[in-house]
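These notes concern the structure reproduced below.
Protein chains: 2
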Amino acid sequence: MATIAPSRRVRRTPFTPGVEAAGVTGYTVYNHMLLPARFASPEEDYHHLKRHVQVWDVACERQVQITGPDARRLMDLISPRDLDKMAADQCFYIPVIGRDGGMLNDPVALQPRPGVWWISVADGDYWQYVLGVADAIGLDVDVSEPDVSPLGVQGPKADDLMVRVFGETIRDLRFFRHVTLPFDGHDLVIARSGYSKQGGFEIYVDDSAMGMPLWAALIAAGEDLGVRAGCPNLIERVEGGLLSYGNDMTRENTPFEAGLARFVNSPLDYIGKTALASRPAKRMIRAVTIEGEIPACDRLWQVFSDGRVVGQVTSAVWSPDFQTNVAIGMLEASHWDAGARIEVGTQDGMRHALVRDRFWI
Amino acid sequence: MATIAPSRRVRRTPFTPGVEAAGVTGYTVYNHMLLPARFASPEEDYHHLKRHVQVWDVACERQVQITGPDARRLMDLISPRDLDKMAADQCFYIPVIGRDGGMLNDPVALQPRPGVWWISVADGDYWQYVLGVADAIGLDVDVSEPDVSPLGVQGPKADDLMVRVFGETIRDLRFFRHVTLPFDGHDLVIARSGYSKQGGFEIYVDDSAMGMPLWAALIAAGEDLGVRAGCPNLIERVEGGLLSYGNDMTRENTPFEAGLARFVNSPLDYIGKTALASRPAKRMIRAVTIEGEIPACDRLWQVFSDGRVVGQVTSAVWSPDFQTNVAIGMLEASHWDAGARIEVGTQDGMRHALVRDRFWI
Numbered sequence: 425m426a427t428i429a430p431s432r433r434v435r436r437t438p439f440t441p442g443v444e445a446a447g448v449t450g451y452t453v454y455n456h457m458l459l460p461a462r463f464a465s466p467e468e469d470y471h472h473l474k475r476h477v478q479v480w481d482v483a484c485e486r487q488v489q490i491t492g493p494d495a496r497r498l499m500d501l502i503s504p505r506d507l508d509k510m511a512a513d514q515c516f517y518i519p520v521i522g523r524d525g526g527m528l529n530d531p532v533a534l535q536p537r538p539g540v541w542w543i544s545v546a547d548g549d550y551w552q553y554v555l556g557v558a559d560a561i562g563l564d565v566d567v568s569e570p571d572v573s574p575l576g577v578q579g580p581k582a583d584d585l586m587v588r589v590f591g592e593t594i595r596d597l598r599f600f601r602h603v604t605l606p607f608d609g610h611d612l613v614i615a616r617s618g619y620s621k622q623g624g625f626e627i628y629v630d631d632s633a634m635g636m637p638l639w640a641a642l643i644a645a646g647e648d649l650g651v652r653a654g655c656p657n658l659i660e661r662v663e664g665g666l667l668s669y670g671n672d673m674t675r676e677n678t679p680f681e682a683g684l685a686r687f688v689n690s691p692l693d694y695i696g697k698t699a700l701a702s703r704p705a706k707r708m709i710r711a712v713t714i715e716g717e718i719p720a721c722d723r724l725w726q727v728f729s730d731g732r733v734v735g736q737v738t739s740a741v742w743s744p745d746f747q748t749n750v751a752i753g754m755l756e757a758s759h760w761d762a763g764a765r766i767e768v769g770t771q772d773g774m775r776h777a778l779v780r781d782r783f784w785i
Numbered sequence: 425m426a427t428i429a430p431s432r433r434v435r436r437t438p439f440t441p442g443v444e445a446a447g448v449t450g451y452t453v454y455n456h457m458l459l460p461a462r463f464a465s466p467e468e469d470y471h472h473l474k475r476h477v478q479v480w481d482v483a484c485e486r487q488v489q490i491t492g493p494d495a496r497r498l499m500d501l502i503s504p505r506d507l508d509k510m511a512a513d514q515c516f517y518i519p520v521i522g523r524d525g526g527m528l529n530d531p532v533a534l535q536p537r538p539g540v541w542w543i544s545v546a547d548g549d550y551w552q553y554v555l556g557v558a559d560a561i562g563l564d565v566d567v568s569e570p571d572v573s574p575l576g577v578q579g580p581k582a583d584d585l586m587v588r589v590f591g592e593t594i595r596d597l598r599f600f601r602h603v604t605l606p607f608d609g610h611d612l613v614i615a616r617s618g619y620s621k622q623g624g625f626e627i628y629v630d631d632s633a634m635g636m637p638l639w640a641a642l643i644a645a646g647e648d649l650g651v652r653a654g655c656p657n658l659i660e661r662v663e664g665g666l667l668s669y670g671n672d673m674t675r676e677n678t679p680f681e682a683g684l685a686r687f688v689n690s691p692l693d694y695i696g697k698t699a700l701a702s703r704p705a706k707r708m709i710r711a712v713t714i715e716g717e718i719p720a721c722d723r724l725w726q727v728f729s730d731g732r733v734v735g736q737v738t739s740a741v742w743s744p745d746f747q748t749n750v751a752i753g754m755l756e757a758s759h760w761d762a763g764a765r766i767e768v769g770t771q772d773g774m775r776h777a778l779v780r781d782r783f784w785i
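Going down the list, the sequences are from chains G and R. Per our numbering, the very first residue in the first sequence carries number 425; after that it's consecutive. Per our numbering, the very first residue in the second sequence carries number 425; after that it's consecutive.
Written as structure tokens, this is what we have:
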């Protein structure tokens, strides 16, 4: 297995010293930044995440910050979701699209304070799209990447750990809402959110210098809770049906195909609205169980039925808890109903598989 | 050293089987794609590149393809360089910018055939900017990423190798010009270009299925020339002063600061023109020699003089041929003249350094 070459272009994060000290053994690159992908083994990391609490370096969830007089106008132009329905303390998952209706990212938008928008992006330079729109129309906005690095606290004991650092009020925070609380005299935006189904928080660390002190405080406070460094876990996210832009959906797909129709409800004339109206889903995200042994899903696997391509699988891995290969696929209408039998073409050969009615949750 | 985690999001290329068979030992990620970074050792790869010929998987140099009635209008909007001066067979290096004059990429544009533009990009989703501009104005264009994967043939024996696969006419190809020649009955665009100073070619493989047959043909034809798999080499590129977007310049910098003023000459009202007129360079790319031992330059190194920050170093490595640490920095006017003495702050401590008048070429 090849190692990852050091360079400034693949950016370190404010938490990288903590990640390295914790013995990271696998990285990926996400938004031109290091994202830890493995500490002990994927299985050990997974069991720990589902039982205890982990601190995650998810600094790679970069913010596209929009400010200025036309900030809301720009947001309205790019959001398929009705922003009038967003509460001041709410995190809004938005499948953003281009003029043809194809997905460009699936970020979470929030307003850390009035007049400031953060679009917390999945992998991709979506800021370039936002900037292109603003530059072309001549909007009076500033589009930037601020010094904001999310730190995740994930797992069933996340509340217990966070209370020790931020106080009891953190327990009252609702899902996908944010609150501002101090650490070491510095106010930090904290949301109940995160890329796992185990519950937890994301702390928007808006000063790199605070990164390691906060990391160290969380690790120290959680010793008896079994806290350790962790990272988004492939097994857990596939079990939970958490989508990954670039893996499970791309510009080829509409939000409808990604199963995100409920987030498409803006009454305004946003970019791509016309196209979406004429692109009903011809394929849809589905949970898939694959039989037999499978290799690493490091490429798109075509899905077949009677020799005809009827979809694709884009994430797949063995689940120790469910004792099956869990997978995320996109299936055509003829095969997207639960119970449909399909064949998955891996690099190691064809495997029998079954479409399910839900993910493993 | 941590390995890189497999996932579809970090895309394999048409040449990855060849790269793996050749024993790649280091990767980086570039445009959401695997880019080999090391085979034997950086030093061995370097010596080989400067003496023989290598085949490079540079599929990560993705094309932003623009077609449609408004294609030229869109190109004129985003190009600071005068496209009227671009010959039909020419490759045009263009420092592309946003409205504030900051660089968004430094791609090479070409027209593989009339009516079709390819913008061959450095690391970054510049297609999102192009699409944002097109979507916002409502231009009649199609912006896509076609199935085009460049394969590099680099090194002093590159001509000798290419002749054996594409015929003698390849020798007549001028620098940064392209020609269309057949391989296995399929026409391929070939340019005399590449990310080294050793000479060579880039073959725009526009059908993934042709990737490995072409790779294998080049390796087989060059056995007596000592051909082997290679990749852009950090030592060689710093010696030659080849810039890397994301390392040596970012959106913070104008083309002037990156030393690219000669490519800013369009008479049209392109986006960012007004801003550039009011942003003369306050700092400039320079070659820097650093004394003593240095660690891997995996982060920005601040440059000091009398305790004041006067610039930064963003790429640095030991050069076996020149027996010194070669580096690329960006220095303020007070210290950008050759002979200026500076201090470089590495993660292992401060190092004495000297600004040079040119790179090692």
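Where a beta carbon is used, it is the ideal one built from N, C-alpha and C, also for glycine. Remember, it's a predicted structure, so these values are computed and weren't measured experimentally.
| Query | Result |
| --- | --- |
| Among G:Arg661, G:Gln535, G:Gly556, whose alpha-carbon lies nearest the alpha-carbon of G:Gly522? | G:Gly556 |
| Work out the CA separation of G:Val587 and G:Phe439 for me, nearest whole Å. | 21 Å |
| Between the segment 631-640 of chain R and the segment 489-504 of chain R, do at least 3 Cβ pairs fall closer than 8 Å? | no |
| For the putative contact between R:Glu626 and R:Val482, defined by C-beta atoms under 8 Å, what is the C-beta separation to the nearest angstrom? | 7 Å |
| For G:Met499, write down the residues that DSSP places opposite it in a beta bridge. | According to DSSP, G:Met499 bridges with nothing at all. |
| Verify the CB distance criterion: does G:Ile518 have a CB-CB separation below 7 Å to chain R? | no |
| For G:Ile714, write down the residues that DSSP places opposite it in a beta bridge. | G:Asn749, G:Ala777 |
| Enumerated in chain order, which unbroken segments of the alpha helix (DSSP H) with a length of 4 residues or greater are wholly contained in the segment 453-541 of chain G? | 466-475, 495-502 |
| At 3 residues or longer, and completely inside the segment 560-641 of chain R: list those beta strand (DSSP E) runs for me, N to C. | 566-568, 573-578, 602-607, 610-615, 624-629 |
| Would you please verify whether the beta carbon of G:Gln552 is less than 7 Å from any beta carbon of chain R? | yes |
| Relative to chain B, which residues along the segment 535-562 of chain R have a C-beta separation below 9 Å, given in chain order? | Note that chain B does not occur in the displayed structure, where the protein chains are G and R. |
| Thinking R:Tyr619 and R:Arg661 are a contact (beta carbons under 8 Å), I'd like their distance in whole angstroms, please. | 7 Å |
| If you measure beta-carbon to beta-carbon, which residues of the segment 684-696 of chain R are closer than 7 Å to chain G? | Ile695 |
| Counting only C-beta atoms, is R:Ile428 closer than 7 Å to chain G at any point? | yes |
| Report yes or no: is there a C-beta of chain R within less than 7 Å of the C-beta of G:Asn671? | yes |
| How would you call R:Val688, buried or exposed, if buried means at least 16 neighbouring beta carbons within 10 angstroms? | buried |
| Around the Cβ of R:Ser668, are there at least 16 other Cβ atoms within 10 angstroms (buried) or fewer (exposed)? | buried |
| Can you pull the chain R neighbours of G:His787, defined as C-beta to C-beta under 9 Å? | As shown, chain G starts at 425 and ends at 785. That puts residue 787 of chain G outside it, with no answer to give. |
| List the residues of chain R that G:Asp494 touches, going by C-beta distances under 8 Å, in chain order. | Ordered by position in chain R, no residue passes the 8 Å Cβ test against G:Asp494, which lies about 12 Å from the chain. |
| Check the Cβ-Cβ distances between R:Val572 and every residue of chain G, and say whether any is below 7 Å. | no |
| Pairing CB atoms from the segment 709-718 of chain G with CB atoms from the segment 744-757 of chain G, are three or more of them under 8 Å? | yes |
| Less than 8 Å between the CB atoms is what I'm expecting for G:Trp551 and G:Val567, so what's the real figure, rounded? | 6 Å |
| Quick check: is the beta carbon of R:Arg523 nearer than 7 Å to any beta carbon in chain G? | yes |
| Sorted by chain position, which residues of the same chain lie with C-beta nearer than 7 Å to R:Ala461's C-beta, five sequence neighbours on each side aside? | Gly450, Tyr451, Thr452, Cys655 |
| Using only the alpha-carbon positions, how far apart do R:Glu756 and R:Met708 sit? | 7 Å |
| I need the boundaries of the alpha helix (DSSP H) containing G:Ile659, first residue and last residue. | 658-664 |
| Does DSSP put R:Ile766 in a helix, a strand or coil? | strand |
| R:Ala685: which of R:Thr437, R:Met527, R:Ile785, R:Gly753 sits nearest, CA to CA? | R:Met527 |
| Just mark G:Glu485 as buried or exposed, buried being the case when its beta carbon has 16 or more other beta carbons within 10 Å. | buried |
| Using three-state DSSP, classify R:Pro687 as helix, strand or coil. | Checking the sequence shown, residue 687 of chain R turns out to be Phe, not Pro. The answer is helix: DSSP assigns R:Phe687 an H, G or I state. |
| Given a threshold of 16 other Cβ atoms within 10 Å of its Cβ, counted over all protein chains shown, does G:His610 qualify as buried or as exposed? | exposed |
| Need the endpoints of the beta strand (DSSP E) that R:Gly735 sits in, please. | 732-743 |
| Work out the CA separation of G:Val779 and G:Phe762 for me, nearest whole Å. | The displayed chain sequence assigns Ala, not Phe, to residue 762 of chain G. Spanning the two alpha carbons is a distance of roughly 5 Å. |
| Check whether chain R comes within 7 Å of G:Thr748, counting only Cβ atoms and requiring the distance to be less than that. | no |
| Rounded to a whole number of angstroms, what is the C-alpha to C-alpha distance between G:Trp742 and G:Gln771? | 16 Å |
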